[in-house]
Amino acid sequence: MSIARRALIFRETVSRTLLHCTQPCRRFPLALLMGILFVLFGSSGCGQTAQPVVSSSTGKVDSYFGGPFNVAGSDLAKSSSTFDHAAQQFNISAFVNTATAQVPTEIIAGSFATAATGFLSITENFATTSSGVIAAQNPPLTGAWAVEIPGAGALGNFLSVNSANAQVSVSAAPAAMAENTVCPNFSSAVPFLYVTVPNATLTTDTADYGTVGISSQGSAVTFNAQPSLVGAIQQTASTVTGGCSNTTLGALTSYPLNSYGTPSNLELISVGASGLLVSSFTSANSGGLGAFGGGTGIIGVAQPSAAVDVSAVVSAQYNGFVYSPLNRVTENYDITVLASAFGDNAPASPACSALQSSLAANHGQGAGTVPVLPSANTVYGGEFLTTTGGVTVNDPSGSSGSENCDVAIDLGTQDPGTNGLFPNATVFIGSNFPPYSISNTWNCSDTGSICAVSFPATAVVGVVQGQYVIFVVSSAASSPPARLPDNFGNRQPQPVGIYLFQKTQ
């Protein structure tokens, strides 16, 4: 039985409690945007069965719950968003403190248009700033991007204005969003696969990925999770129960049960009818591990009912983002979240020559950082970066050509007992990965010769509305650790996540 047919029901909210500030709030500071969510459970009554979501977006308004990324100055966790495809308008709302109460407030709003590559080009008329003020933008901000499976979910890199220095700049505000219209109604456990989202503030890993069975009884939702570390190292399994309610931010499950209004340990989870799963949480709030064992937010997808066709997966084309939360501190442009595409270039294509030659140069020689070369189960791609007049931008519109080829994801072998799970994947980073390029290649600081690296990862693959989704996680704590180049040629350990939706055009 499909996920859509597993009957998701609404539970209507009968009341919502407003919280008061302890001091007057004349402006809306970003630090308070994701404050206490105080929404009570609704009354019992007749449920409404969720209908299958169709791919057509014409005239539709799609609603999502956002998270789970947390980056300094740009936290879009615990927010709701809508994409109005008829008006080509979007908005993102969260709770803010006023002088008298907490109210849902629009924090980002603007318009979008579909680029030739399939990315949504976002124009922000209203955005957050580093000073904590939500402000109108004149002229509107451009350079934000998103990819969407209409009705199921979206991934985006929205923008936040940094005016702390003399020169105004913008930084990426990553967000993952899943449909949030109904609560789960799973009489028996439905299996999902998930990856945790890298968090720059966490110094240790308690989980990088996992499997979770989700079941429900009334408004109670139970998560039976088996978390693991990269390297297929199982961690302690857990079974926890939260409660789902139709809230101002959509139909969401809170964990722990009845934890609305307690931000120190609140985790909000959206289980989309189409099979996407998003959780917004950080253990920095409470020191806990959350419902999925990782102490951070997660992105997941319903486990396929049969083993996925690996050759079909690596032959498809994808849009999405490469996320590395520590990269932004070493660049004069923000490469925390890079709009990227995969699958457009074959491994032997000229676009991938710099990547392939640098991998070969470090395969048992040079820095010796590439023990094994990519297998046939590999998809190739990279980010859209162009430099004009000394200004570098991440522009996936297609106006400056196709994406670079500087990253390869080798899925490896599918787990024989878990459809869609690739626990021993590998990520390869070539000598032309930012801040480097084909004309300015990465040379290892310790050898002076051309550099490239590979490191272990885990990938989960699912199907959402007929489209493959691929979520990849790597860790700075694995052996060897995930590493990216810095401005000095060092191989800098840091977590890396890659999130891809199959293209529809």
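Per the working numbering: the sequence shown = residues 1 to 505.
Note that CB positions come from ideal geometry on N, CA and C, so glycine has one too.
None of these values were measured; they are calculated from a predicted model.
- Could you say which of 171, 170, 201, 218 lies nearest to residue 185 if we only look at CA atoms? Position 185 of the sequence shown holds residue 185. Of 171, 170, 201, 218, the residue nearest in Cα terms is 218.
- Task: Give the DSSP bridge partners of residue 313, in chain order.
- Result: One-based indexing of the sequence shown puts residue 313 at position 313. Residue 313 pairs with nothing; no bridge assigned.
- residue 173 burial status per 10 Å Cβ neighbour count (16 or more: buried): Position 173 of the sequence shown holds residue 173. When all chains shown are included, residue 173 counts as buried.
- Query: Just how far apart, CA to CA, sit residue 373 and residue 126?
  - Reply: Here residue 373 refers to the residue found at position 373 of the sequence shown. Here residue 126 refers to the residue found at position 126 of the sequence shown. In a straight line, the C-alpha of residue 373 is about 46 Å away from that of residue 126.
- Query: Where does residue 355 fall in DSSP's three states?
  - Reply: If you number the sequence shown from 1, residue 355 lands on position 355. Helix at residue 355.
- Message: Whether or not the stretch 272-281 and the stretch 424-434 are in contact is what I'm after, with contact meaning three or more pairs of Cβ atoms, one per stretch, closer than 8 Å; do they touch?
- Response: no
- Own chain partners of residue 395 with C-beta closer than 6 Å, once the 5 adjacent residues on each side are dropped: Indexing the sequence shown from 1 puts residue 395 at position 395. Only 384, 386 meet the Cβ criterion.
- Check the C-beta distance from residue 221 over to residue 67 and give it rounded, since I have them as a contact under 8 Å. Here residue 221 refers to the residue found at position 221 when the sequence shown is read from its first residue. Here residue 67 refers to the residue found at position 67 when the sequence shown is read from its first residue. Residue 221 to residue 67, Cβ: 17 Å. No contact.
- Message: Among 115, 150, 459, whose alpha-carbon lies nearest the alpha-carbon of residue 310?
- Response: Within the sequence shown, numbered from 1, the residue matching residue 310 stands at position 310. Of the listed residues, the one whose Cα sits closest to residue 310 is 459.
- Task: Could you check the C-alpha separation between residue 495 and residue 246 for me, to the nearest Å?
- Result: Sequence index remark: in the sequence shown, residue 495 carries index 495 (1-based). Sequence index remark: in the sequence shown, residue 246 carries index 246 (1-based). Their backbone Cα atoms lie some 34 Å apart in a straight line.
- Message: Comparing C-alpha positions only, which one of 121, 134, 116, 110 sits nearest to residue 507?
- Response: In the structure as shown, the chain begins at 1 and stops at 505. Residue 507 is therefore absent and cannot be evaluated.
- Residue range of the beta strand (DSSP E) that residue 62 falls in? By one-based count along the sequence shown, residue 62 stands at place 62. Here the beta strand (DSSP E) through residue 62 covers 61-67.
- Message: So within the stretch 201-253, which uninterrupted beta strand (DSSP E) runs reach at least 3 residues, ignoring any that extend past its ends?
- Response: 209-217, 220-229, 238-247
- Query: To the nearest angstrom, how far is it from the Cα of residue 378 to the Cα of residue 105?
  - Reply: Locating residue 378 in the sequence shown gives position 378, where the first residue counts as 1. Locating residue 105 in the sequence shown gives position 105, where the first residue counts as 1. Each residue's Cα considered, the two are about 43 Å apart.
- Query: Do you know whose CA, among 406, 296, 322, lies nearest residue 345's CA?
  - Reply: Residue numbering aside, residue 345 sits at position 345 when the sequence shown is read from its first letter. Per the Cα distances, 406.
- Task: State buried or exposed for residue 51, treating a residue as buried only when at least 16 other CB atoms are found within 10 Å of its CB.
- Result: Position 51 of the sequence shown holds residue 51. Because residue 51 carries a pLDDT of 31, less than 50, the predicted location of this residue cannot be relied on, and the following value inherits that uncertainty. Answer is exposed; the Cβ neighbour count stays below 16.
- Inter-stretch contact (C-beta, 8 Å, three-pair minimum) for the stretch 290-306 and the stretch 192-202: yes
- Item | Three-pair Cβ contact test at 8 Å for the stretch 466-476 versus the stretch 429-449 | no
- Can you round the beta-carbon distance between residue 370 and residue 453 to whole angstroms, since I take them to be within the 8 Å contact cut? In the sequence shown, counting from the first residue as 1, residue 370 sits at position 370. In the sequence shown, counting from the first residue as 1, residue 453 sits at position 453. That pair is a contact at about 7 Å.
- Item | Where residue 412 falls, given that 16 or more other Cβ within 10 Å makes a residue buried | Taking the first residue of the sequence shown as 1, we reach residue 412 at position 412. The residue in question, residue 412, is buried, as its Cβ has 16 or more Cβ neighbours within 10 Å.
- Query: Taking contact to mean at least 3 C-beta pairs separated by less than 8 Å, is the stretch 115-126 in contact with the stretch 227-242?
  - Reply: no
- Task: Going by DSSP, name the residue or residues bridged to residue 469.
- Result: Translated into positions along the sequence shown, residue 469 becomes position 469. Paired residue(s): 462, 501.
- Are there 16 or more other CB atoms within 10 angstroms of the CB of residue 365, so buried, or fewer, so exposed? Taking the sequence shown and counting its residues from 1, the one referred to as residue 365 is at position 365. Result: exposed.
- Might you give, ordered along the chain, the residues of its own chain that have their beta carbon closer than 6 Å to the beta carbon of residue 375, omitting 5 neighbours on each side? For the purposes of this step, residue 375 is identified with residue 375 of the sequence shown, where counting begins at 1. The residues are 410.
- Task: For the beta strand (DSSP E) containing residue 492, list its first residue and its last residue.
- Result: The sequence position of residue 492 within the sequence shown is 492, counting from 1. Counting along the chain, the beta strand (DSSP E) containing residue 492 begins and ends at 491-493.
- Would you call residue 43 buried or exposed, if buried means 16 or more other Cβ atoms sit within 10 Å of its Cβ? As a working note, residue 43 is residue 43 in the sequence shown. Interpretation of residue 43 is limited by its pLDDT of 30, a score under 50 that renders its predicted location unreliable; no figure is taken from the coordinates.
- Query: What separation, rounded to the nearest whole angstrom, lies between the Cα atoms of residue 493 and residue 367?
  - Reply: Counting from 1 along the sequence shown, the entry for residue 493 is found at position 493. Counting from 1 along the sequence shown, the entry for residue 367 is found at position 367. Roughly 16 Å between the two C-alpha positions.
- Identify every run of the alpha helix (DSSP H) within the stretch 332-393, keeping only runs that are complete inside it and at least 4 residues long; order them along the chain. 353-361
- Item | Cβ-based burial, residue 509 [other Cβ within 10 Å; buried from 16] | What the structure shows of the chain is the stretch from 1 to 505, and residue 509 is not part of that stretch, so it cannot be assessed.
- Query: For the candidate residues 232, 336, 444, 423, whose alpha-carbon lies nearest to that of residue 159?
  - Reply: Locating residue 159 in the sequence shown gives position 159, where the first residue counts as 1. Among 232, 336, 444, 423, the Cα nearest to that of residue 159 is on 336.
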